[in-house]
Amino acid sequence: MITTIPLEDTFGDITRKASSGKQVGASQLASMAGIAAPRLEKLLNDAERPTPAEARAVAETLHLDPGKLTDSGLQQWYPQPFKAPSFLQHQINAPYPSNGYFLILKEAGIAAFVDPAGSPAPIIETLRRSKVALTYILLTHKHRDHSDALGAVRKAFPDAQPVIHELDAKEVGSAAHGAIPIRDGGRLPFGDASIEMLHTPGHTDGSSCFIYKGMIFTGDELFAGSIGRDFGERFHYSDQLAAIRQKILSLPGETIVLPGHGPASTVAQEQAHNPFF
744 MITTIPLEDT FGDITRKASS GKQVGASQLA SMAGIAAPRL EKLLNDAERP
794 TPAEARAVAE TLHLDPGKLT DSGLQQWYPQ PFKAPSFLQH QINAPYPSNG
844 YFLILKEAGI AAFVDPAGSP APIIETLRRS KVALTYILLT HKHRDHSDAL
894 GAVRKAFPDA QPVIHELDAK EVGSAAHGAI PIRDGGRLPF GDASIEMLHT
944 PGHTDGSSCF IYKGMIFTGD ELFAGSIGRD FGERFHYSDQ LAAIRQKILS
994 LPGETIVLPG HGPASTVAQE QAHNPFF
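Written as structure tokens, this is what we have:
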């Protein structure tokens, strides 16, 4: 079951992320878009909704899609729900508002978990109740709201193998010791199929995605209708956009997008509605 969640990013969030990525300050954006600075401040803080003309002006200045950003600003889009397969379970990693995902193959007696964060108890309890062996702990990136329960989960399931890109592993600390390093295009055997690993840098240098049976877990690289902010040291905003275009949005349209925050989407819906593309 996938919980209904509000969109992660508002018009203001999207605009700030694009402004940061393009290195365009608020005063410069106001001037270039022809919007008075006090008015733009209200829009950036989501105190007021933009007019279609304002949304288009901002989009054209920041090289976003004008129609898609207008829909975002007027709150005219939310991803269509999908029927989750029986082996997929979702949880909110309290106290963070981040998403955690279980892949539980009961017949095979194995499981994987994506992005262990917050209180480890719900993760451990769900897996023990399901009576399966945790095979993989998949980490999309290093940030604490996606990784800080790793140590506790490994302690509870010592045979489980963490999987993280080496560029992010160091900052996760000793909990990531001995992790399987992500290799772009590499595969992890899992049940009657495999989990494909993709290196999609930009949000962090080691940001990665995992593909399994028509689903892609994108962490904070791609959200429904937005992207994560770029915090990379080696890779930046343009690299992030390129990675998403080349490795995620090139997948079949029906591929389910399961992000680190916010609701699920599909590749086709992101192609049609994400202002960054």
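Residue numbers (my numbering): 744 to 1020. In this text, a Cβ means the ideal position worked out from N, Cα and C, and glycines have one as well. Keep in mind the model is a prediction, meaning the values are calculated, not measured.
Name the two residues that bound the continuous beta strand (DSSP E) containing residue i.
i              : result
tyrosine 844   : 841 to 848
isoleucine 987 : Where isoleucine 987 is concerned, there is no enclosing beta strand (DSSP E), given that its DSSP letter is neither H nor E.
histidine 833  : 831 to 836
alanine 854    : 853 to 857
serine 951     : 951 to 955
Are the beta-carbon atoms belonging to residue i and residue j less than 7 angstroms from one another?
i                 : j              : result
alanine 860       : tyrosine 879   : no
serine 763        : leucine 772    : no
leucine 1001      : tyrosine 844   : yes
proline 822       : glutamine 1014 : no
glycine 975       : threonine 943  : no
phenylalanine 830 : isoleucine 999 : no
isoleucine 748    : glycine 968    : no
proline 795       : alanine 802    : no
glycine 945       : asparagine 842 : no
alanine 855       : leucine 893    : no
valine 906        : lysine 885     : no
threonine 883     : serine 951     : yes
proline 1018      : leucine 787    : no
Specify, as a first and last residue, the run of the alpha helix (DSSP H) that residue i falls within.
i              : result
valine 1000    : From DSSP, valine 1000 is part of no alpha helix (DSSP H) but of the beta strand (DSSP E) over 999 to 1002.
threonine 1032 : This structure cannot speak to residue 1032, because the chain is shown only from 744 to 1020.
isoleucine 757 : 754 to 765
arginine 799   : 795 to 805
glutamate 964  : From DSSP, glutamate 964 is part of no alpha helix (DSSP H); its letter is neither H nor E.
histidine 1016 : 1010 to 1016
Run through DSSP, which three-state label would residue i get?
i              : result
isoleucine 866 : helix
histidine 889  : helix
histidine 946  : coil
leucine 786    : helix
arginine 872   : helix
tyrosine 821   : coil
glycine 929    : coil
alanine 936    : strand
proline 781    : helix
glycine 768    : coil
leucine 881    : strand
leucine 941    : strand
leucine 910    : helix
serine 981     : helix
serine 969     : strand
Answer with yes or no whether the minimum CB distance from residue i to chain C is below 7 angstroms.
i           : result
leucine 910 : In the structure shown, chain C cannot be found, because there is only a single protein chain.
Within the same chain, show all residues whose beta-carbon is closer than 6 angstroms to that of residue i, passing over the 5 residues directly before and after it, in chain order.
i             : result
glutamate 939 : Arg930 and Ile954
alanine 851   : Gly934
proline 924   : Glu909
I believe residue i touches residue j by the beta-carbon criterion, under 8 angstroms. Please report the beta-carbon distance rounded to the nearest angstrom.
i              : j              : result
isoleucine 991 : glutamine 983  : Not quite, the Cβ-Cβ distance comes to about 11 angstroms (not below 8 angstroms), so this is no contact.
valine 857     : leucine 877    : With a Cβ gap of about 12 angstroms, valine 857 and leucine 877 do not count as contacting.
aspartate 973  : glycine 949    : With 8 angstroms as the limit, aspartate 973 and glycine 949 do not qualify as a contact, their Cβ atoms being about 13 angstroms apart.
threonine 804  : alanine 776    : 5 angstroms
lysine 811     : histidine 1016 : 6 angstroms
glycine 768    : proline 793    : Not really, about 19 angstroms apart at Cβ, beyond 8 angstroms.
Among residues of its own chain, excluding the 5 on either side of residue i, which ones have a beta-carbon nearer than 7 angstroms to its beta-carbon?
i              : result
isoleucine 867 : Val896 and Ala899
threonine 813  : Pro795, Ala798 and Arg799
glutamine 834  : Gly843 and Pro865
State yes or no: is the C-beta of residue i nearer than 6 angstroms to some heavy atom of the ligand PLP?
i            : result
tyrosine 980 : As far as ligands go, the structure on display features none, and thus does not contain the ligand PLP.
Who are the near neighbours of residue i in its chain, counting only those whose CB is closer than 8 angstroms to its CB and skipping five residues on each side?
i           : result
leucine 848 : Phe830, Ala854, Val875, Phe933 and Gly934
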